[in-house]
Every structure is written in C-alpha cells, then in structure tokens.
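Visitor:
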Amino acid sequence: MKIATAASTFLLALSATSVAIADGDPAIGKTKATPCVACHGEDGKGIAPNYPVLAGQHADYMAHALRQYRSGDRKNAIMAGFAANLSDADIEDLAAWFASLDGLDTAVRGK
Ligand code: HEC
C-alpha cells in the first residue's frame, strides 16, 4: 500500500513537470532568444551545419537539453555558458519559442 502511494506520488510529480514545461510562452521566449540567434539563427535553423536546428524541435526535448547543459550533465563548453544563467522559466519560454518555428518535422506519438 505504501509502495503504491509512493508510486502514484512519483507519477503525479512527473506529470506536474511536463505541465510546467508545456507552460512556456513562445512570445516571451522570442524576447529572450537574442543571444541564441547568433548561432542558432533568427529562424532557428542554425547559421552553419555545426549549430543544431532548433526550429520545430520538441519543446520538452530542448528544455531537457538546456537543463542538462546548466547542470553539467550534458557537456558542451559553448552551451554551458549560455545555459548557466537561465532560470526554469527562461528555459521553458525559449523551448516554446524555438518549438513554434517551422523547421524540423518532428513526429508526435499518437498523431
Ligand atoms: C556561440 C554559439 C551558440 C549560442 C550563442 C547558443 N548556442 Fe545552443 N548550441 C550551440 C552548439 C555548438 C550546440 C551543440 C552542442 C552539443 O554538441 O551538445 C548547441 C546546442 C543547443 C541545444 C541542443 C540541441 C539538440 O538538438 O540537442 C539547444 C536546445 C540549444 N543549443 C539552445 C540554445 C539557446 C536557447 C541559446 C540562447 C540562450 C543558445 N543555444 C545559444 C551553439 C550555440
């Protein structure tokens, strides 16, 4: 019984996290993306092949990547610097903005 309660608490925490990620505001994200477009491009498609296309990428994937750069779990000297001072809200807004742009054709499971 205790295990079942712990498991459902864990699941609730997980779904709360994904709701928070989906709450990013693309219009606010656009205003925060000024430092990013130098490499990832105004259109989010990258100014050169070594800069990943962000346009159309899943917001939750990008938010996850940014949190990992911030924590150091994903190591990249360039992105570590840009992610270091982002708040959780910044990350969600930036991810929502780049996800809203036309670019990658990312499949959504079940659609
Ligand atoms: C100086 C160039 C540069 C700037 C500025 C920059 N990035 Fe990046 N970004 C990169 C590079 C290079 C990578 C690939 C790093 C790696 O291999 O992990 C990357 C990777 C990423 C990824 C992961 C993409 C993927 O497909 O896994 C995200 C998300 C991202 N950047 C978002 C941002 C955001 C948001 C900003 C602004 C706050 C930003 N970047 C600013 C160069 C830059």
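Note that my numbering has the sequence shown beginning at 630, numbered continuously upward. The beta carbon of each residue, even a glycine, is placed where N, CA and C say it ideally should be.
DSSP on residue 681, reduced to helix/strand/coil?
Guide: Along the sequence shown, one-based indexing puts residue 681 at 52. Coil, per DSSP.
Visitor: Once DSSP output is grouped into helix, strand and coil, what is the label at residue 725?
Guide: The count along the sequence shown starts at 1 and reaches residue 725 at position 96. Three-state result, residue 725: helix.
Visitor: So, with DSSP's three-state summary, where would you put residue 699?
Guide: Position 70 of the sequence shown, counting from 1, holds the residue named residue 699. Looking at residue 699 - three-state DSSP - the assignment turns out to be helix.
Visitor: Give the single residue among 653, 711 and 738 whose Cα lies nearest to the Cα of residue 668.
Guide: The residue you call residue 668 lines up with position 39 of the sequence shown. Comparing Cα-Cα distances from residue 668 to each of 653, 711 and 738, the minimum goes to 711.
Visitor: Excluding five sequence neighbours on each side, which residues of the same chain lie with their C-beta closer than 7 Å to the C-beta of residue 713?
Guide: Residue mapping note: residue 713 aligns to position 84 of the sequence shown, counting from 1. Result list for residue 713: 699, in chain order.
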